[in-house]
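Undergrad: Shown below is the structure under consideration.
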Amino acid sequence: MSLRPLNPDIVPSQHGRLCDFDTHYVTSGFWNKIDEELAGLREVTQDFADLESEDSDHEELAPERESQKSLQLPSSPGSFPFGINPNAPLVEYRPLPSQIPYLLEMYERNVNFFVRVIHMPTLLETTRSPQYMSNLSPVDESLLFAVYYAVIASMEDSDVVSSFGVSREFLTTKYRLGLEICLTRADFLNNPDFTIVQALVLFLGLHRRHESPRYVWMMFGLLNRMAQYLGLHRDGSHSPHLSAFEVEMRRRVWWMMCLLDQKVSEDQGTHMAYASIDFDTKQPLNINDSDIDPQTTVAPPERYGVSDMSFARISVALTEVHRQLLSSNPNMNHEEKSHLIAKIYQNFQSQYLQYTTDTDGGILYWISVCMARLVMAKLVLLSFFPVACSPTVRTLFESAPDSGINTKLLHAAIHVAEFNHAMNAEESCRQWRWLYQTCTHWHSSVYLALAIPKLEWSPVAERAWAALTSPWLVPSKAFNDQRIEIWFPIKKLLRNARRYREAELKRLRADPRAARALEIRRAETPFESHPAPFSTEGLETVFLQRWRRVVGLENEVQTVTSAVLDDPLVLLTYSAQEYSQSETHASGIQGDGGLSEHFDAGTEGLIADLDSLDSLDDMELDTGEDWQAWIESALSAEHADLLGEH
Numbered sequence: 001m002s003l004r005p006l007n008p009d010i011v012p013s014q015h016g017r018l019c020d021f022d023t024h025y026v027t028s029g030f031w032n033k034i035d036e037e038l039a040g041l042r043e044v045t046q047d048f049a050d051l052e053s054e055d056s057d058h059e060e061l062a063p064e065r066e067s068q069k070s071l072q073l074p075s076s077p078g079s080f081p082f083g084i085n086p087n088a089p090l091v092e093y094r095p096l097p098s099q100i101p102y103l104l105e106m107y108e109r110n111v112n113f114f115v116r117v118i119h120m121p122t123l124l125e126t127t128r129s130p131q132y133m134s135n136l137s138p139v140d141e142s143l144l145f146a147v148y149y150a151v152i153a154s155m156e157d158s159d160v161v162s163s164f165g166v167s168r169e170f171l172t173t174k175y176r177l178g179l180e181i182c183l184t185r186a187d188f189l190n191n192p193d194f195t196i197v198q199a200l201v202l203f204l205g206l207h208r209r210h211e212s213p214r215y216v217w218m219m220f221g222l223l224n225r226m227a228q229y230l231g232l233h234r235d236g237s238h239s240p241h242l243s244a245f246e247v248e249m250r251r252r253v254w255w256m257m258c259l260l261d262q263k264v265s266e267d268q269g270t271h272m273a274y275a276s277i278d279f280d281t282k283q284p285l286n287i288n289d290s291d292i293d294p295q296t297t298v299a300p301p302e303r304y305g306v307s308d309m310s311f312a313r314i315s316v317a318l319t320e321v322h323r324q325l326l327s328s329n330p331n332m333n334h335e336e337k338s339h340l341i342a343k344i345y346q347n348f349q350s351q352y353l354q355y356t357t358d359t360d361g362g363i364l365y366w367i368s369v370c371m372a373r374l375v376m377a378k379l380v381l382l383s384f385f386p387v388a389c390s391p392t393v394r395t396l397f398e399s400a401p402d403s404g405i406n407t408k409l410l411h412a413a414i415h416v417a418e419f420n421h422a423m424n425a426e427e428s429c430r431q432w433r434w435l436y437q438t439c440t441h442w443h444s445s446v447y448l449a450l451a452i453p454k455l456e457w458s459p460v461a462e463r464a465w466a467a468l469t470s471p472w473l474v475p476s477k478a479f480n481d482q483r484i485e486i487w488f489p490i491k492k493l494l495r496n497a498r499r500y501r502e503a504e505l506k507r508l509r510a511d512p513r514a515a516r517a518l519e520i521r522r523a524e525t526p527f528e529s530h531p532a533p534f535s536t537e538g539l540e541t542v543f544l545q546r547w548r549r550v551v552g553l554e555n556e557v558q559t560v561t562s563a564v565l566d567d568p569l570v571l572l573t574y575s576a577q578e579y580s581q582s583e584t585h586a587s588g589i590q591g592d593g594g595l596s597e598h599f600d601a602g603t604e605g606l607i608a609d610l611d612s613l614d615s616l617d618d619m620e621l622d623t624g625e626d627w628q629a630w631i632e633s634a635l636s637a638e639h640a641d642l643l644g645e646h
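Using full-length UniProt numbering, you'd call the opening residue of the sequence shown number 1 and step up by one each time.
The following block contains the structure:
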């Protein structure tokens, strides 16, 4: 299988391209870059047809999924929305009455904090009424089935078995079928309803963790039409017949839809649907659920600091930044885009993190810091990575692998992978893994796979390899699910990176003098670490010791155990950070300083670099995407200077 377009003259790259696997259409130059890299690899490797048989190629990169067992259910999903029997007895799909309070409790604990599409006080009050539960309409029961499904999908396999005595796969299929039957009975295609939109947003948002993202992407198109039919893209304040409660809930659901759109579009390599929609729906208020109820007639005042909606509002802001950065808006110049990236990080601090400390926030504070760092690094990749897709600056880009921009991209890609790993690997927040595992970090995994074969095998390269081979970065289902063909080229690049590492380690083991010279030379370019709180500075020392071990040099002073050298990223977890407070000498990752110091120091260099581009003139480059022009202009000037052409 090849990513080359069927007919590049018919489908210009700036508008996207048809690829010859299942005529899958992608819209950005991101995949063009991968195809260019693969063109060189094809000369020395076999074609994609043999990928399925090379199981050993990705054993090191991700664990294999367990084989699927057949389910003993009255029917099976897959033909929805056309093949469900609306007369199927729902009693076979409902949970036991005694299980419903537990399911609602787990929903509030695992899901509701991040996906605010339901007003929990109202849901809890209504479900306590026996009369309500015995007279549920198909519309109302569809929302309950979506809640049941979301709970099970958010849990780990072992937790589902210990709580319910059956597998997670069995229960997710059961509740999905119940949802589909309710939707069919409600004739939702002909009778759109706000509650049905809530149910679909919740179902599709959690469905992405374990099932085909293509299904979610296709179903989102239906959901998008339904939402527009109901006018969710218009702010409810314009409609006098809507209560303050309804206005607020419509805002929450619309923006959670936008967030879902951004995720599923990234999965499939397409533009966001809502990026081209003319909408004026305002962002949700920064309030608690207790501040509002169905009887509220006037919108409550917003709270300062942390509220029930704080995390959702941050997600909304990030979604809007993604839309603006990727919309190819010709009216947005480079200065506006650089400030846009800086602003989102500042908003993260001013609206949320500054009101939480490591002493009173605990694990939630740690997650917030990790996600703030991950998001900032990802925005750097989104903004700077497209230069690698441009033939105009490719020669300059690749001829100076040690340039500032290449280093910045490499460090950003590593940070994305490392903080993603830390949150997934932390056992004390396993109930939120579903959130991290519905985020596919394309740019990080692809950039690392492209960059590694161009690096001298220094400690930084070894750190990049550890980040790339994190079991949480590239999902194992990507290689086992044949419906996700878009992962095939990435698999090819991963194999190439591994072979390059093996060759480099063999070379350095045979030439200790070259290894020592490389260590001295690379010491002059320290890794861009994060300061306190939760400093990552100590990782540089750990990876130096790991690198010395793998290239065959003797470690003069080994300050960490062999187990840590095998898995250095464990030091980023919350448990390791807690331990390091009393054992600083063991890990070297604890620092002093307040939260404001962390943000200032962690972003000052990056924001300064972005702002420094303001004085550069735009260049007329055939980039394929307008928004890349200012980046390419800056990089062309930078690399020309490095190569002595200024």
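Glycine included, each C-beta is placed from N, C-alpha and C at the ideal position.
Restricting to Cα atoms, I'd like to know which of R252, M226, A299, L223 is closest to S243.
TA: Comparing Cα-Cα distances from S243 to each of R252, M226, A299, L223, the minimum goes to A299.
Undergrad: Have a look at R373 and H322 and give me their C-alpha separation to the nearest angstrom.
TA: Roughly 16 Å separates the two Cα atoms.
Undergrad: Helix, strand or coil, according to DSSP, for G305 in the structure here?
TA: Correct three-state label for G305: coil.
Undergrad: Taking the alpha-carbon positions, what's the I292 to F245 distance?
TA: Approximately 6 Å, taken between the alpha carbons.
Undergrad: As a quick exercise: from V264, T469, A227, Q577, pick the residue whose alpha carbon is nearest that of D193.
TA: Comparing Cα-Cα distances from D193 to each of V264, T469, A227, Q577, the minimum goes to A227.
Undergrad: Would I196 and V139 qualify as a contact pair, given that the criterion is a beta-carbon distance under 8 Å?
TA: Their beta carbons are under 8 Å apart, which means I196 touches V139 by this criterion.
Undergrad: Please classify G165 as buried or exposed, where buried requires at least 16 other C-beta atoms within 10 Å of its C-beta.
TA: So G165 ends up on the exposed side.
Undergrad: Under 8 Å between the Cβ atoms of H421 and A377?
TA: Not a contact, by the Cβ cut-off of 8 Å.
Undergrad: Where does C439 fall in DSSP's three states?
TA: C439 falls in the coil class under three-state DSSP.
Undergrad: Mind checking whether A275 and N224 have CB atoms under 8 Å apart?
TA: In this structure, N224 does not lie closer than 8 Å to A275 by Cβ.
Undergrad: Would Y93 pass as a contact of Y175 if the rule is Cβ separation under 8 Å?
TA: In contact: Y93 and Y175 (Cβ atoms closer than 8 Å).
Undergrad: According to DSSP, is N191 part of a helix, a strand, or is it coil?
TA: Looking at N191 - three-state DSSP - the assignment turns out to be coil, as it is neither helix nor strand.
Undergrad: Which residue's Cα is closest to the Cα of L136: Y107, V161, A186, S167?
TA: Ranking Y107, V161, A186, S167 by Cα distance to L136 puts A186 first.
Undergrad: Run through the segment 223-292 for me and flag every whole alpha helix (DSSP H) of 4 or more residues, listed as ranges in chain order.
TA: Counting whole runs of 4 or more residues, the segment 223-292 contains the alpha helix (DSSP H) stretches 244-268.
Undergrad: For the alpha helix (DSSP H) containing D157, name the first residue and the last one.
TA: Start and end: 157-164.
Undergrad: Under three-state DSSP, which class holds V369?
TA: Three-state result, V369: helix.
Undergrad: Are the Cβ atoms of S290 and I363 separated by less than 8 Å?
TA: No, the Cβ-Cβ distance between S290 and I363 is not below 8 Å.
Undergrad: When we look at the beta-carbon of K343 and count the other beta-carbons within 10 Å, is it buried (16 or more) or exposed?
TA: K343 should be labelled exposed.
Undergrad: Quick one: what's got a C-beta closer than 7 Å to D280's C-beta in the same chain, skipping five residues either side?
TA: Taken in chain order, the residues that qualify are R234, D235.
Undergrad: With C-beta atoms as the reference, is M309 less than 8 Å away from P284?
TA: Going by C-beta atoms, M309 is nearer than 8 Å to P284.
Undergrad: Return the CA-CA distance between S445 and A417, expressed in angstroms with no decimal places.
TA: Straight-line Cα distance between these residues: approximately 8 Å.
Undergrad: Would you kindly work out how many angstroms separate the C-alpha atoms of A199 and S470, rounded to a whole number?
TA: Their Cα atoms are separated by approximately 33 Å.
Undergrad: Quick one: give me the first and last residue of the alpha helix (DSSP H) that P471 is part of.
TA: Run containing P471: none; DSSP gives neither H nor E here.
Undergrad: Would A540 and S529 qualify as a contact pair, given that the criterion is a beta-carbon distance under 8 Å?
TA: At residue 540 the sequence reads Glu, which differs from the Ala that was named. Contact: yes.
Undergrad: Once you ignore the five residues that flank R116 on each side, which residues in its own chain have a CB closer than 8 Å to its CB?
TA: Closer than 8 Å at the Cβ level, and outside the excluded window around R116, lie R252, M256, P284, D308, M309, A312.
Undergrad: Any idea what DSSP makes of W457, helix, strand or coil?
TA: Three-state DSSP puts W457 in coil, outside helix and strand.
Undergrad: Going by C-alpha distance, which of S212, E141, E108 is nearest K91?
TA: First, the amino acid is wrong: residue 91 is Val here, not Lys. Ranking S212, E141, E108 by Cα distance to V91 puts E141 first.
Undergrad: What are the boundary residues of the alpha helix (DSSP H) that includes A186?
TA: Per DSSP, A186 belongs to no alpha helix (DSSP H) and is neither H nor E.
Undergrad: Work out the CA separation of W432 and N110 for me, nearest whole Å.
TA: So the alpha carbons of these two residues sit roughly 6 Å apart.
Undergrad: Measure the beta-carbon distance from V160 to I152 and round it to whole angstroms, keeping in mind my assumption that it falls under 8 Å.
TA: Between I152 and V160 the Cβ distance is about 6 Å, and since that is below 8 Å, they are a contact.
Undergrad: In angstroms, rounded to a whole number, what distance separates the CA positions of L96 and Y132?
TA: Between L96 and Y132, the C-alpha separation is close to 16 Å.
Undergrad: Excluding the 5 residues flanking P526 on each side, which residues of the same chain have their C-beta closer than 8 Å to its C-beta?
TA: Once the five neighbours on either side are set aside, the close Cβ partners of P526 are E540.
Undergrad: Only counting the same chain, and skipping five residues up and downstream in sequence, which positions put a Cβ closer than 6 Å to that of N288?
TA: Contacts found: S307, D308.
Undergrad: Determine the contact status of L382 and H443, defining contact as a CB-CB distance below 8 Å.
TA: Yes.
Undergrad: Measure the alpha-carbon distance for N190 versus M219 and round it to whole angstroms.
TA: Roughly 16 Å separates the two Cα atoms.
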